[in-house]
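Visitor: Below is one structure. I have some questions about it.
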Amino acid sequence: MADVAKPQDSRSAMTYLRHHMREYGMLLALVAIMVFFQIQTGGTLMRPVNLTNLFLQNSYIIIMALGMLLVIVAGHIDLSVGSVAGFIGAFAAVAMVNWDLHPLVVIVLSLGLGTLIGAAQGYWVAYWKIPSFIVTLAGMLVFRGATLWLLNGKSVGPFSKGFQSLSTGFVPDFLPFVAPMLGMERLNGFALAVGVAIVAAILWLQIGARARAAAYGMADEPFGFFVGRNLVVGAAILYVTWLLATFRGIPNVLVTMGILIVLYMFVTNSTTVGRRIYAIGGNEKAAKLSGIKTERLTFLAFANMGFLAALAGLIFAARLNTATPKAGVSFELDVIAAVFIGGASMSGGVGTIVGAVVGAFIMGVMNNGMSIIGIGIDYQQVIKGLVLLAAVIFDVYNKSKS
Amino acid sequence: MVPILEMRGITKTFPGVKALDNVTLSVVPGEIHALVGENGAGKSTLMKVLSGVYPHGSYEGSILFEGEECRFAGIHDSEAKGIIIIHQELALVPLLSIAENIYLGNEITRRGVIDWQETWKRTEALLAKVGLRESPQARIDTLGVGKQQLVEIAKALSKKVKLLILDEPTAALQENDSATLLELLLEFKAQGITSILISHKLNEISRVADRLTVLRDGATVSGMERGEITENRIIRDMVGRDMAHRYPAREPRIGEVLMQVKDWSVWHPLHSDRQVIRDCSLTVRRGEVVGIAGLMGAGRTEFAMSLFGRSWGAKISGEVTIGGKPADLSSVPAAINAGLAYVTEDRKALGLVLDETILRNTSMANLPGVSSRGVIDANRERRVAEDYKSQLNTRTPTVFQRVVNLSGGNQQKVVLAKWLFTDPDVLILDEPTRGIDVGAKFEIYSIINTLADQGRGVILISSEMPELLGICDRIYVMNKGAFVGEFDRAEASQERIMESIMAGDRVAEGN
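This is the structure:
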């Protein structure tokens, strides 16, 4: 019964794609959505300034989605992230504006405080087995209230340039001689170089991995598909960096985000800690009886979530240049939606970082595109809700087919 | 006699697999008809065709019930005819009462309002029929598996059953519960109810079955009448070859004492006044297979789990040495470090991450063994999984197969691979052959022999006494949380083990 038909005739790229629809489906959906809005907005979507904005607008959702993925894979949920992000933003604002602390000190303190909040919630979930839904629902209320109290119901700002650059700053052009060489008046040569370097690194890693897999006779991905996939990914990265380079270069927050995405991909794919979190979500009892410290890892997943929520809160505050009592309201829903659109399972054990990031971009592009077209906020909510539902149905459908 | 049920030329194909190939089954009224075959032989598929889970049109062939051609569109249609299946995994709602479960979806109502008095009255009558003395309002989760099985049967009776199909009804039952159940089947037979019994337990079949059909690889292999039925014949037809030896031979080479447990006592985690394990002492030598016999609820699993990193129980006391040194068994990681491994009784719920691949399940208990500084070496992990796949002869096209798609025997091999990769000195195997077909059982026994030959110690917990007698060098008998007997291979027999359990009972009652 364990026989799987040998894919004799399925070496072609199209059949391979059909077999791996679950992995690539959402990515294709993202591309389709981008093409759709690119046409509908008359090309505004992919204008350098709008693209830069897109990254700035969604950075905090993506950063939190990374942590949320771990929490959801471990079989839990964290509803408090929006409130925690708002609270940390408020704390940072009060610390900088009212107490006159140095931004760097404030950043360290804020991240520490966020981790502590996450840890406190994780403690109840992991060691007391209190359902995470309830613990973090409580946290959501508590920190929303705490934000109001801290800010006295008013907005606090503005911040120093240094702190603002956390979100709105750009990496300076370290290679100013590139632009004239290409005959461009306004071009961030460094951004372009980074894009080329990233593509080269990806190609190098991919070719190496495929060679190792081939040595084991495991290269089941058709060669044509492999080439095509890397060409598309490489071209997309070059295109995006080109667009960024023609505006103001790489936003600081994109650097933060990029590093975090790569780091969390590595953790989930290649480390024992990541593997164990998947095992916990897949079958906690079996994981425990296999010597995995399930409580500690659950606790750490929540502490990590708190850290990332704090980071997101700082970035959000820096972007608005003020902390408001409303900051972070309903972020948790966008973050959770992103993770589920990306293919994570409600029951735990399944989900990928790439999926969560793609899910966040789907939400982000739709928000942005619909706003440009001028669709009202009412319809926007309805459409986003339906997209979430459709994505999960699509996933369940593909799962039942395989 | 005119058959009550005739299935003719049933062929059912799944994409790429022919699950049933021109199968014929004929059941006469009032008989107990046994359906046997290895896992994957097509028994369950055939029953799903019969009950309408696979609706008419999705298979070829015809079904005649009481002389009428049936075209079931779903399970409702077959139940309306009086064909009722009781599945291996019981379909009861644990938090509802017996009465609520029996009449679930079939409630006794007056103008849409449930008539509880009538429900309870009828339930009581049904429970009396199946010989279950429980209140109709007792919650299902307060009953043991044996009693739950009886509730399922009562539920079938409530639907005016004509043909009762039992899929592995005794797989999870103790000998005495099984005996009760089989008696009940015989009683039903006397009342004219026809039954189809699917079972792996050949001794039960030879006891109660009137006729028998053997399936192998989706085809009918043979039929036998009462009188012709012998265990050896069934096995031969099931596996398609003679199995002269059900237990592989081994020349025991028993060495020095490897593990010693002294005065192990454990209390119940919730009822702190209940002592579950009483001063148990046990020795395992190198190269020795030590069995623990006992009835369900004797405390064998509790003993094993409390040893393995205190995974069960409270107020645990006692001493354990492994290899002459005191062993730290205070947590699961510590126990693994000390050289202990525990293959759980319930491999699906406690042993495996079902949705993960063979590869990932294999490395789960020893990730440091395939990684350096917390980073997993994918190639090393792959090599390890492939090694165990070929060593244990796990039948799967690739180690990237998800374990949920494997048969019971192959799943058990994955669990064994996981624990072998931790390189344990002592393995505790808790019911390692439960729900596994004859051929795979033989392979598991061979693996156990190999482990012993490698100089490891094996503790085997099993409810199947022939199995213990077949492969153990020494057998402890457990009753009510204490060891009440110990036999060498030479002196052990089914009778002596049962005697010492009974004697233990008398002692306990004497107190």
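Which chain is which? The protein sequence lines are A and U, in order. Heads up, the first sequence is in full-length UniProt numbering, so the first residue is 1 and it goes up one at a time. Heads up, the second sequence is in full-length UniProt numbering, so the first residue is 1 and it goes up one at a time. C-beta atoms are modelled at their ideal positions from N, C-alpha and C, and glycine is treated no differently.
Name the residue from U/G485, U/G9, U/A41, U/P333 whose alpha carbon lies nearest to the alpha carbon of A/T294.
Guide: Position 294 of the first sequence, counting from 1, holds the residue named residue 294 of chain A. Minimum Cα distance to A/T294 is reached at U/P333.
Visitor: Among the residues of its own chain, which have a CB less than 8 Å from the CB of U/F483, if the five just before and after it don't count?
Guide: Locating residue 483 of chain U in the second sequence gives position 483, counting from the first residue. For U/F483, where only same-chain residues beyond five positions count, the Cβ hits under 8 Å are C280, S281, L282, Y476, V477.
Visitor: Closer than 9 Å, Cβ to Cβ, to anything on chain U: give me those residues from the stretch 310-332 of chain A, in chain order.
Guide: Residues: none.
Visitor: If you scan the stretch 280-343 of chain A from start to end, which runs of the beta strand (DSSP E) of 3 or more residues do you find wholly inside it?
Guide: Fully enclosed beta strand (DSSP E) runs of 3 or longer: not present.
Visitor: What separation, rounded to the nearest whole angstrom, lies between the Cα atoms of U/D346 and U/D387?
Guide: The residue you call residue 346 of chain U lines up with position 346 of the second sequence. The residue you call residue 387 of chain U lines up with position 387 of the second sequence. Whole-angstrom Cα-Cα distance: 25 Å.
Visitor: So what's U/N106 in DSSP terms, helix, strand or just coil?
Guide: Sequence index remark: in the second sequence, residue 106 of chain U carries index 106 (1-based). Three-state result, U/N106: coil.
Visitor: Starting from the C-beta of A/G291, find all residues in its chain whose C-beta is less than 8 Å away, skip the five residues before and the five after it, and write them out in chain order.
Guide: Translated into positions along the first sequence, residue 291 of chain A becomes position 291. If we look at A/G291 and ignore the five residues flanking it on each side, it has no Cβ neighbours.
Visitor: If you drop the 5 nearest sequence neighbours on each side, which residues of the same chain put their C-beta closer than 7 Å to that of A/D334?
Guide: Walking along the first sequence from the start, residue 334 of chain A turns up at place 334. The answer, listed in chain order, is I61, M363.
Visitor: Would you say U/E134 and U/I98 are within 8 Å of each other, going by their C-beta atoms?
Guide: Translated into the one-based positions of the second sequence, residue 134 of chain U becomes position 134. Translated into the one-based positions of the second sequence, residue 98 of chain U becomes position 98. The answer is yes: Cβ separation under 8 Å.
Visitor: Which residues in the same chain as U/C70 place their Cβ atom closer than 6 Å to its Cβ, once the five residues preceding and following it in sequence are excluded?
Guide: As a first step, residue 70 of chain U is located in the second sequence; it is residue number 70 there, counting from the start. Result list for U/C70: I63, in chain order.
Visitor: In terms of residue numbering, what span does the alpha helix (DSSP H) encompassing A/M366 cover?
Guide: Counting from one through the first sequence, the residue named residue 366 of chain A turns up at place 366. Its alpha helix (DSSP H) spans residues 353-373.
Visitor: For A/R275, would you say it is in contact with chain U, using Cβ-to-Cβ distances shorter than 8 Å as the test?
Guide: For this step, residue 275 of chain A is matched to residue 275 along the first sequence. By this cut-off, A/R275 is an interface position.
Visitor: Where DSSP assigns a beta bridge to U/Q260, which residues make up the other side?
Guide: Indexing the second sequence from 1 puts residue 260 of chain U at position 260. U/T283, U/T321, per the DSSP bridge assignment.
Visitor: Checking the sheet assignment: what are the DSSP bridge partners for A/Y397?
Guide: One-based indexing of the first sequence puts residue 397 of chain A at position 397. Answer is none; A/Y397 lacks a bridge partner.
Visitor: Could you have a look at A/K384 and say whether DSSP puts it in helix, strand or coil?
Guide: Along the first sequence, read from residue 1 onward, the residue named residue 384 of chain A stands at position 384. Note: A/K384 maps to helix in three-state DSSP.
Visitor: Using the Cα positions of A/R186 and A/A235, report the straight-line distance between them to the nearest angstrom.
Guide: To locate residue 186 of chain A, count along the first sequence from 1; it is residue 186. To locate residue 235 of chain A, count along the first sequence from 1; it is residue 235. Rounded to whole angstroms, A/R186 to A/A235 spans 22 Å at the Cα level.
Visitor: Please say whether U/I448 and U/G409 have beta carbons closer to each other than 8 Å?
Guide: Start at 1 with the first residue of the second sequence, and residue 409 of chain U comes out as number 409. Start at 1 with the first residue of the second sequence, and residue 448 of chain U comes out as number 448. Result no, Cβ atoms of U/G409 and U/I448 do not sit closer than 8 Å.
Visitor: Use the C-beta contact count for U/E443: other C-beta atoms within 10 angstroms, 16 or more gives buried, fewer gives exposed.
Guide: By 1-based counting over the second sequence, the position of residue 443 of chain U is 443. With 16 or more other Cβ atoms within 10 Å, it is buried.
Visitor: So A/K161 contacts chain U; which residues on that side make the cut at Cβ distance below 7 Å?
Guide: One-based indexing of the first sequence puts residue 161 of chain A at position 161. Neighbours of A/K161 on chain U: none; closest Cβ ~39 Å, over 7 Å.
Visitor: Please list, in chain order, the chain U residues whose beta carbon lies closer than 7 Å to that of A/Y24.
Guide: As a position in the first sequence, residue 24 of chain A is number 24, starting the count at 1. Residues of chain U passing the Cβ test: none, with the nearest at roughly 18 Å.
Visitor: A/F55 and A/V253 - do their beta-carbons sit closer together than 8 Å?
Guide: Translated into positions along the first sequence, residue 253 of chain A becomes position 253. Translated into positions along the first sequence, residue 55 of chain A becomes position 55. Cβ distance < 8 Å, so A/V253 and A/F55 count as in contact.
Visitor: Kindly indicate which three-state DSSP category U/G457 falls into: helix, strand or coil?
Guide: By one-based count along the second sequence, residue 457 of chain U stands at place 457. Correct three-state label for U/G457: strand.
Visitor: Tell me where the beta strand (DSSP E) around U/F65 begins and ends.
Guide: In the second sequence, the residue the question calls residue 65 of chain U occupies position 65. From DSSP, the beta strand (DSSP E) with U/F65 extends over 60-65.
Visitor: Using a Cβ-Cβ cutoff of 8 Å, what residues of the stretch 338-359 of chain U are near chain A? List them in chain order.
Guide: Those would be Y342, T344, A349, L350, G351, L352, V353, L354, D355, E356, in chain order.
Visitor: Can you find a C-beta in chain A that's less than 8 Å from the C-beta of U/P333?
Guide: Translated into the one-based positions of the second sequence, residue 333 of chain U becomes position 333. Taking Cβ atoms only, chain A reaches closer than 8 Å to U/P333, which makes this a yes.
Visitor: Checking the sheet assignment: what are the DSSP bridge partners for A/W124?
Guide: For the purposes of this step, residue 124 of chain A is taken as the residue at position 124 of the first sequence. Partner(s): none; A/W124 has no beta bridge.
Visitor: Can you tell me whether DSSP reads A/N252 as helix, strand or coil?
Guide: For the purposes of this step, residue 252 of chain A is taken as residue 252 along the first sequence, with counting starting at 1. In the structure shown, A/N252 sits in a helix (DSSP, three-state: H, G or I).
Visitor: Residues of chain A with CB under 8 Å from U/L367, in chain order?
Guide: Locating residue 367 of chain U in the second sequence gives position 367, where the first residue counts as 1. By Cβ distance, chain A contributes T272, R275, R276.
Visitor: Taking the alpha-carbon of A/L137 as reference, which of A/K129, A/Q121, A/A126 has the nearest alpha-carbon?
Guide: Taking the first residue of the first sequence as 1, we reach residue 137 of chain A at position 137. Cα-wise, what sits closest to A/L137 is A/Q121.
Visitor: On a CA-only basis, which of A/I202, A/V171, A/A360, A/A200 is nearest A/L244? Give me that one, please.
Guide: Counting from 1 along the first sequence, the entry for residue 244 of chain A is found at position 244. Checked all of A/I202, A/V171, A/A360, A/A200; the closest Cα to A/L244 is A/V171.
Visitor: Short check: CB of A/G359 to CB of A/G376, under 8 Å?
Guide: Translated into the one-based positions of the first sequence, residue 359 of chain A becomes position 359. Translated into the one-based positions of the first sequence, residue 376 of chain A becomes position 376. Result no, Cβ atoms of A/G359 and A/G376 do not sit closer than 8 Å.
Visitor: What first and last residue would you give for the beta strand (DSSP E) that runs through U/F487?
Guide: In the second sequence, counting from the first residue as 1, residue 487 of chain U sits at position 487. Per DSSP, U/F487 belongs to the beta strand (DSSP E) from 482-488.
Visitor: Check the Cβ-Cβ distances between U/N379 and every residue of chain A, and say whether any is below 8 Å.
Guide: For the purposes of this step, residue 379 of chain U is taken as the residue at position 379 of the second sequence. Cβ-Cβ to chain A under 8 Å: yes for U/N379.
Visitor: As a quick exercise: from U/L420, U/L132, U/E356, U/V151, pick the residue whose alpha carbon is nearest that of U/Q401.
Guide: For the purposes of this step, residue 401 of chain U is taken as residue 401 along the second sequence, with counting starting at 1. The candidate whose alpha carbon is nearest that of U/Q401 is U/E356.
Visitor: Just how far apart, CA to CA, sit A/W149 and A/A85?
Guide: Position 149 of the first sequence holds residue 149 of chain A. Position 85 of the first sequence holds residue 85 of chain A. The alpha-carbon atoms of A/W149 and A/A85 are separated by roughly 15 Å.
Visitor: Cβ of A/I315 versus every heavy atom of the ligand PLP: is any distance shorter than 7 Å?
Guide: Judged by which ligands are present, the structure shown has none, so any question about the ligand PLP falls away.
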